[in-house]
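A.B. asks: Numbering (the working numbering), first residue to last: 232 to 916.
Starting off with a structure, shown below.
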């Protein structure tokens, strides 16, 4: 009996000790911020009021960290090598380059097939998800040679590369395919002209946004508001048709992959960040909080643009280049079952999953304020440093990530007086950051609503976008405009500079002006092509072909090269008429692909052919756009941009003078050129 009594006492004592320890542990870990205590572990993962101790790192953890960092370093090096050695034009977002092309700037290789090859980051995005399902050996064999920046864990987005990818595909179609890679189709030759090619690239940019965010209407509005410099009614239904096809194809693949055979692609449907479950109720304090959100978001967005500009300039110096349940995917990270680490759920997730977690509704305490602040600072700084390195990278996702974290942080701070869900604050924070950096309104509003499936948030999203854009415009330009300028692309703004109204077209025309006669000597044409870099030459008819000198039209350098290569010459100075087109096919005059056009070195003109004549009338544009020399330079700039011109002929106001005064090109409207001629005019208002 004594033994039994003794054992019973021991059992009761152990039970009392266990109860005491449980009570202490519950008191310590249930309210970690309200009790002062000594932390005996390496770190504590806080999730609202639920915490779990994390044991000290040992050798195995160091090995895991080294393997993780080494893999990311290898992926990043591979991505940078593809951009550095195969297609330098693929580095960065691609949206500034597409925007500049649609403004009339055809920079080298920005839409070439090699750029498309490097820019296609679909495998990189998919590989990011495949890491969860494949063994390391199979995974690295699968992505060997095809790795891009997203898989390396950079804080970059996918919308920029997808916009660039869509534009490259559209350009490939617009130039009839690629002869170099034996991808040509005869029926595509009907698109080999400047206008149709430009329209196709606009549709490609819209398709990229629609595919990246599953937002077809947002893609149309993005092309209208941000990408295209000139718009016509036919483009509206064409881009709408393109994005509708994108939505149907996406829906089909999502349905096909709904069983989980494609990793995470089939999850979520067409709504990426669904917040429709939240009850949208707000009052006057909420409106004040939203206004504050927009003001601070606009300031932080303009600061983001400023720092991105400085970092990109630093990269230019370094590179010696003169010219980012509940229902979310949460990470346990050394936590026991039923717990999760809120900070790890942000840092160790994909960008899309982190955004889903931040936009989750009815989850007020799921992220601690300190975790949100740490993640916001890290993503904000990493986004600035990452954007501009030599990998295909977008800006939307990093900005949405930082903005949604900032919005949720503000929502937590305003929780005592606000009725609005913190997940909705997260959406408004993303909108404020996007408005402060991109400076778009309508397209961003629609994209966000299509992403989140909550039309009730429309008034607040509109309000915060307008406020953040207004605040950002007070400090600097949009991020894409800054990058276009930094890259040295001669982009023409929608509105002329104020000092242009004090000048006329004649004031900025520079010489010498080189013209050709309607029937010109071959030697004169070759000499002019060799000694100048002009792309357009006025054609002047003189007696005996006209009663007095008159402007006949404008001929392009590319067409002159085709004409000279065809050798449609004559020994006498006579009009050849349509005989020129019998010797040369009309398709030879079509716009060539990137880098595939004729060059002066390709011509084989014999010495005796220099004194022969060639008729320029069949290849001249006989109705060029002209302005009188006394037209306001500001009006001429608006006309030049709205019509999408490359050359504008300036004609004299009075008779008895040469039929043309000069030619205005994009260069003549650039502020650097004008202020170089008239340094003090910038001070005139």
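The beta-carbon is built from N, C-alpha and C at its ideal position, and this holds for glycine as well.
(1) Within the same chain, show all residues whose beta-carbon is closer than 7 Å to that of residue 851, passing over the 5 residues directly before and after it, in chain order.
(2) Reducing DSSP to helix, strand and coil, say where residue 352 ends up.
(3) Kindly confirm or deny that the region 464–472 and the region 690–709 touch, where touching means at least three C-beta pairs closer than 8 Å.
(4) According to DSSP, is residue 388 helix, strand or coil?
(5) Would you grab the beta carbon distance between residue 506 and residue 654 for me? Rounded to a whole angstrom, and I think it's under 8 Å.
(6) In angstroms with no decimal places, state the Cα-to-Cα distance between residue 853 and residue 859.
(7) What residues in its chain sit with their C-beta under 8 Å from that of residue 542, if we drop five residues either side in the sequence?
(8) Any idea which residues DSSP pairs residue 798 with across the strands?
(9) Classify residue 834 as buried or exposed, calling it buried when 16 or more other Cβ atoms lie within 10 Å of its own Cβ.
(10) Give me, in chain order, the residues of the same chain whose beta-carbon lies closer than 7 Å to that of residue 435; leave out the 5 immediate sequence neighbours on both sides.
(11) Is residue 861 helix, strand or coil when you go by DSSP?
(12) Compare the C-alpha of residue 707 against each of 426, 666, 796 and 813 and name the closest.
(13) Would a C-beta distance cut-off of 7 Å place residue 509 and residue 477 closer than the cut-off?
(14) Quick one: Cα of residue 831 to Cα of residue 792, how far?
(15) For residue 374, which of helix, strand or coil comes out of DSSP?
(16) As a quick exercise: from 492, 391 and 676, pick the residue whose alpha carbon is nearest that of residue 452.
(17) In three-state terms, what does DSSP make of residue 644?
(18) Cutting at 8 Å between CB atoms, please list the residues of its own chain near residue 292, excluding the five before and the five after it.
(19) Among 645, 646, 611 and 649, which residue has its Cα nearest to the Cα of residue 661?
(20) Between the Cα of residue 539 and the Cα atoms of 513, 751 and 668, which residue gives the shortest distance?
(21) Below 7 Å CB to CB, which residues in the same chain sit around residue 730 once its five sequence neighbours on both sides are set aside?
(22) I'd like the list of long-range same chain contacts for residue 876, defined as Cβ closer than 7 Å, with 5 residues on each side in sequence excluded.
(23) What residues match up with residue 784 in a beta bridge as DSSP calls it?
(24) Shortest alpha-carbon distance to residue 773 belongs to which of 456, 889 and 406?
(25) Quick check on residue 323: does DSSP put it in helix, strand or coil?
(26) Tell me, please, which residues DSSP counts as bridged to residue 623.
(27) Please state the DSSP three-state secondary structure of residue 464.
(28) Specify the secondary structure class of residue 404 as computed by DSSP and reduced to three states.
(29) Assign residue 735 to one of three DSSP states: helix, strand, or coil.
(30) Between the C-alpha atoms of residue 741 and residue 321, what's the straight-line distance to the nearest angstrom?
(31) Could you tell me whether the region 573–589 touches the region 631–651, where touching means 3 or more Cβ pairs closer than 8 Å?
(32) Where DSSP assigns a beta bridge to residue 752, which residues make up the other side?
(33) Note down the Cα distance separating residue 485 from residue 896, rounded to an integer number of angstroms.
(34) For residue 529 and residue 391, I'd like the C-alpha separation in whole angstroms.
(35) For residue 448, I'd like the list of residues in its chain whose CB is within less than 6 Å of its CB, leaving aside the five on either flank, ordered along the chain.
(36) Would you kindly check if the distance between the Cβ of residue 766 and the Cβ of residue 788 is under 7 Å?
C.D. replies: If we stick to the structure as given:
(1) Working through the chain shown from its first residue, we reach residue 851 at position 620. For residue 851, where only same-chain residues beyond five positions count, the Cβ hits under 7 Å are 770, 783, 784, 785 and 786.
(2) Working through the chain shown from its first residue, we reach residue 352 at position 121. The pLDDT assigned to residue 352 is 45, lower than 50, so where the model puts this residue is not dependable; a value taken from the coordinates is nonetheless given after this. Coil at residue 352, not helix or strand.
(3) no
(4) Against the chain shown, residue 388 aligns to sequence position 157. The answer is strand: DSSP assigns residue 388 an E or B state.
(5) To locate residue 506, count along the chain shown from 1; it is residue 275. To locate residue 654, count along the chain shown from 1; it is residue 423. Confirmed, Cβ separation roughly 5 Å.
(6) The residue you call residue 853 lines up with position 622 of the chain shown. The residue you call residue 859 lines up with position 628 of the chain shown. Distance between the alpha carbons of residue 853 and residue 859 is about 17 Å.
(7) Within the chain shown, the letter at position 311 stands for residue 542. These residues qualify, in order along the chain: 615, 616, 618 and 619.
(8) Working through the chain shown from its first residue, we reach residue 798 at position 567. Answer is none; residue 798 lacks a bridge partner.
(9) Your numbering for residue 834 matches position 603 in the chain shown. Looking at its Cβ environment, which holds fewer than 16 other Cβ atoms inside 10 Å, residue 834 is exposed.
(10) Residue 435 sits at position 204 when you count from the first residue of the chain shown. Excluding residues within five positions, the ones whose Cβ falls inside 7 Å are 397, 398, 400 and 401.
(11) Taking the first residue of the chain shown as position 1, residue 861 is located at position 630. Three-state DSSP puts residue 861 in coil, outside helix and strand.
(12) The residue given as residue 707 occupies position 476 in the chain shown. Residue 707 has its Cα closest to that of 666, out of 426, 666, 796 and 813.
(13) The residue you call residue 509 lines up with position 278 of the chain shown. The residue you call residue 477 lines up with position 246 of the chain shown. Contact: no.
(14) For the purposes of this step, residue 831 is taken as the residue at position 600 of the chain shown. For the purposes of this step, residue 792 is taken as the residue at position 561 of the chain shown. Near 7 Å, if we compare the C-alpha coordinates of residue 792 and residue 831.
(15) Position 143 of the chain shown, counting from 1, holds the residue named residue 374. Summary for residue 374: the model assigns pLDDT 30, below 50, so the residue's position carries little reliability, and this model does not support an answer.
(16) Against the chain shown, residue 452 aligns to sequence position 221. Checking every option, the nearest Cα to that of residue 452 belongs to 676.
(17) In the chain shown, residue 644 corresponds to position 413, counting from 1. In this structure, residue 644 counts as helix in the three-state DSSP scheme.
(18) Your numbering for residue 292 matches position 61 in the chain shown. Correct list: empty, nothing qualifies.
(19) What you label residue 661 is simply residue 430 of the chain shown in a count that begins at 1. For residue 661, the nearest C-alpha among the options comes from 611.
(20) Here residue 539 is taken as the residue at index 308 of the chain shown, counted from 1. Looking at the Cα atoms, 668 is the closest of the given residues.
(21) Position 499 of the chain shown, counting from 1, holds the residue named residue 730. 912, 913 and 915.
(22) Here residue 876 is taken as the residue at index 645 of the chain shown, counted from 1. Around residue 876: 856.
(23) As a working mapping, residue 784 is identified with position 553 in the chain shown. Bridge partners of residue 784: 770.
(24) Within the chain shown, the letter at position 542 stands for residue 773. Closest by alpha carbon: 889.
(25) For the purposes of this step, residue 323 is taken as residue 92 along the chain shown, with counting starting at 1. DSSP places residue 323 in strand when its eight states are reduced to three.
(26) Here residue 623 corresponds to residue number 392 of the chain shown, with the count starting at 1. In the DSSP output, where bridge partners are listed per residue, residue 623 has 323.
(27) Taking the chain shown and counting its residues from 1, the one referred to as residue 464 is at position 233. Three-state DSSP puts residue 464 in a helix.
(28) In the chain shown, residue 404 corresponds to position 173, counting from 1. The answer is helix: DSSP assigns residue 404 an H, G or I state.
(29) On the chain shown, position 504 is the one that residue 735 refers to. If DSSP states are grouped into helix, strand and coil, residue 735 belongs with the strands.
(30) Here residue 741 corresponds to residue number 510 of the chain shown, with the count starting at 1. Here residue 321 corresponds to residue number 90 of the chain shown, with the count starting at 1. Approximately 35 Å between the Cα atoms of the pair.
(31) yes
(32) Here residue 752 refers to the residue found at position 521 when the chain shown is read from its first residue. DSSP lists 844 as partners of residue 752.
(33) Locating residue 485 in the chain shown gives position 254, counting from the first residue. Locating residue 896 in the chain shown gives position 665, counting from the first residue. About 48 Å.
(34) Your numbering for residue 529 matches position 298 in the chain shown. Your numbering for residue 391 matches position 160 in the chain shown. Taking the straight line from one Cα to the other gives about 22 Å.
(35) Residue numbering aside, residue 448 sits at position 217 when the chain shown is read from its first letter. Around residue 448: 677.
(36) Within the chain shown, residue 788 is the residue found at index 557, counting from 1. Within the chain shown, residue 766 is the residue found at index 535, counting from 1. A contact, by the Cβ cut-off of 7 Å.
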